[in-house]
Amino acid sequence: MKLTLRVAQKFEGHQCELYAVPFDMHFPDESGNIKTVVQPDLCVICDPQKLDNRGCLGAPDLVVEILSPNNSKAQTASLILA
């Protein structure tokens, strides 16, 4: 909660919006079909054209994923490689 407020304060006065889980980011493949959908803990989007009724199409301007000791090595590796 504190992190969300701090990030929101940093973008206050800008044309950026902060989104928290559940919020989908959609990534299309080369043919334009959505193949990957992820939900980061927090993300900031400054380009409203990236938003649609499903969430964000493509990469947002900032992504925050909170890791904990309970995350498995596979989960952590998949986040780093994504």
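Going by numbering that gives the first Met the number 0, 11 is the number at position 12 of the sequence shown; the sequence numbering is gapless. Where a beta carbon is used, it is the ideal one built from N, C-alpha and C, also for glycine.
Cβ-Cβ distance between residue i and residue j below 8 Å
{"i": "residue 56", "j": "residue 13", "result": "no"}
{"i": "residue 88", "j": "residue 20", "result": "This structure cannot speak to residue 88, because the chain is shown only from 0 to 81."}
{"i": "residue 46", "j": "residue 36", "result": "no"}
Cβ neighbour criterion (16 or more within 10 Å) applied to residue i
{"i": "residue 2", "result": "exposed"}
{"i": "residue 59", "result": "buried"}
{"i": "residue 31", "result": "exposed"}
Contacting residues, own chain, Cβ-Cβ under 6 Å from residue i (five flanking each side not counted)
{"i": "residue 27", "result": "33"}
{"i": "residue 7", "result": "17"}
{"i": "residue 62", "result": "39, 42"}
Three-state class that DSSP yields for residue i in the structure shown
{"i": "residue 20", "result": "coil"}
{"i": "residue 68", "result": "coil"}
{"i": "residue 59", "result": "coil"}
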